[in-house]
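The opening residue of the sequence shown carries number 23 in this note's numbering; numbering runs sequentially from there.
Think of the CB as a built atom: it goes at the ideal place given N, C-alpha and C, for glycine as much as any other residue.
Predicted, not measured: the structure shown is a model, and the values here were computed from it.
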Amino acid sequence: MELFQYPYMQRALIAALVIGLAAPALGIYLVQRRLTLIGDGIGHVALTGVGAGLLLNRSPVLVAVIVATAGAIAIELVRARGRTSGDLALALLFYGGIAGGVLLVGLSDATSANLNAYLFGSLTTISSADLTTIAVLGAAILVTMIALRPALFAVSHDEEYARVSGLPVRTLNLLIAVTTAITVTIAMRAVGVLLISALMVVPVATAQQVTRGFRSTMTAAMALGLFAAGSGVWVAATADTAPGASVVLVAIASFLVVAVAGGVWRALRRRSAPAAAPAPEPHEVVLG
Numbered sequence: 023m024e025l026f027q028y029p030y031m032q033r034a035l036i037a038a039l040v041i042g043l044a045a046p047a048l049g050i051y052l053v054q055r056r057l058t059l060i061g062d063g064i065g066h067v068a069l070t071g072v073g074a075g076l077l078l079n080r081s082p083v084l085v086a087v088i089v090a091t092a093g094a095i096a097i098e099l100v101r102a103r104g105r106t107s108g109d110l111a112l113a114l115l116f117y118g119g120i121a122g123g124v125l126l127v128g129l130s131d132a133t134s135a136n137l138n139a140y141l142f143g144s145l146t147t148i149s150s151a152d153l154t155t156i157a158v159l160g161a162a163i164l165v166t167m168i169a170l171r172p173a174l175f176a177v178s179h180d181e182e183y184a185r186v187s188g189l190p191v192r193t194l195n196l197l198i199a200v201t202t203a204i205t206v207t208i209a210m211r212a213v214g215v216l217l218i219s220a221l222m223v224v225p226v227a228t229a230q231q232v233t234r235g236f237r238s239t240m241t242a243a244m245a246l247g248l249f250a251a252g253s254g255v256w257v258a259a260t261a262d263t264a265p266g267a268s269v270v271l272v273a274i275a276s277f278l279v280v281a282v283a284g285g286v287w288r289a290l291r292r293r294s295a296p297a298a299a300p301a302p303e304p305h306e307v308v309l310g
């Protein structure tokens, strides 16, 4: 725990906790919409923004926010207006983003170390300005996801019902797309664009093992994300491992523990349940 006396480790821990809380709050809507891979797709578009920023000598994070937001809006409009399915739109986003990122990074003078910081995260290099950006945007995402929970749930569960109810479906869909892009880009320095999708989805999948309602699942997922972020940073500090990968592996380990424990609990309940009473023998009817 002595490492957390240093300011850079304190910044790393705070940033991880903010992202660990905000990412599942958004991820539950992506899981509900069966768009669990959209974080990967937008992450690869953000990689194009990173490459453009490095090539133009501009802030990679700022350019990535702009590019990822534009890409997310474009894909949502294509999905909503055209005949392109959600899976195909994500595939276009995924392959186009990674191809553009590789091309632009290759044209720039960036080193592999600089690129890895965005691909896999670099929590220990987060500055005070980075932490302020992460905290402000993370808080905005968290407040939006909680404040608009009824409307966002309705849109994620059944768009037609939400439209008939008078909700602005297109606006809400664009809001989810934009907040996903912002979440991915602010998490680049923490867990990396290749791992942030796991932090959005895995805590939600873990919470679904033990909860019933949407609100309880959201609360449990946020708590699990917070636990994975804090524990992952602690593991990284003590074992000298990559912080982003440690956070994701703790989240996956939590899912496995909960899934196995839930399976054992259900098996024990079935075994201890009293056997069903045998059906009574039918009485013979004697006709006089």
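C-beta atoms of residue i and residue j nearer than 7 Å
i	j	result
Thr233	Ala227	no
Val87	Thr202	no
Thr70	Val89	yes
Val200	Thr91	yes
Ala314	Ile64	A query on residue 314 cannot be resolved here, the shown segment of the chain reaching from 23 to 310 and no further.
Arg80	Asp152	no
Gln231	Val280	yes
Inter-residue CB distance, residue i and residue j (contact presumed, cutoff 8 Å)
i	j	result
Val269	Ala250	6 Å
Ile198	Leu221	Rounded, the Cβ-Cβ distance is 17 Å, inconsistent with contact.
Val224	Ile274	6 Å
Ala44	Ile163	5 Å
Ile16	Ala37	With the chain running from 23 to 310 in the structure shown, residue 16 is simply not present.
Ala74	Leu115	Between Leu115 and Ala74 the Cβ distance is about 16 Å, and since that is not below 8 Å, they are no contact.
Residue i versus residue j: straight-line alpha-carbon distance, rounded
i	j	result
Thr239	Ser130	44 Å
Asn138	Arg56	29 Å
Val165	Gly42	14 Å
Ala289	Ser144	42 Å
Pro172	Ser178	10 Å
Ser219	Thr263	20 Å
Val40	Thr58	20 Å
Gly118	Leu99	17 Å
Thr154	Ala47	20 Å
Leu159	Arg293	49 Å
Leu189	Arg291	43 Å
Leu110	Val186	27 Å
His66	Gly123	7 Å
Ala261	Ile120	31 Å
Gly285	Leu248	24 Å
Asn195	Leu76	31 Å
Thr205	Gly128	26 Å
Ser181	Trp287	The sequence given here has Glu at residue 181, not Ser. Looking at the two C-alpha atoms, the distance is approximately 36 Å.
Leu278	Leu78	44 Å
Ala209	Gly61	11 Å
Pro29	Ala161	21 Å
Tyr51	Ser276	21 Å
Cut-off 6 Å between Cβ atoms - residues of its own chain near residue i, not counting five sequence neighbours on either side
i	result
Val72	Pro82, Ala86, Tyr140
Gly266	Phe142, Gly143, Val213, Gly214, Leu217
Val367	For the chain, the structure presents residues 23 to 310; residue 367 sits outside this window and is missing.
Val257	Ser268
Same chain only: Cβ atoms within 7 Å of residue i, ignoring 5 sequence neighbours per side
i	result
Ala96	none
Ala34	Leu145, Thr146, Ile148, Val255, Pro265
Ala176	Tyr183, Ala184, Ser187, Leu189
Ala10	Here the chain comprises residues numbered 23 to 310, so residue 10 is not present and cannot be evaluated.
Nonlocal neighbours in the same chain, by C-beta distance under 8 Å from residue i, ignoring five residues either side
i	result
Gln27	none
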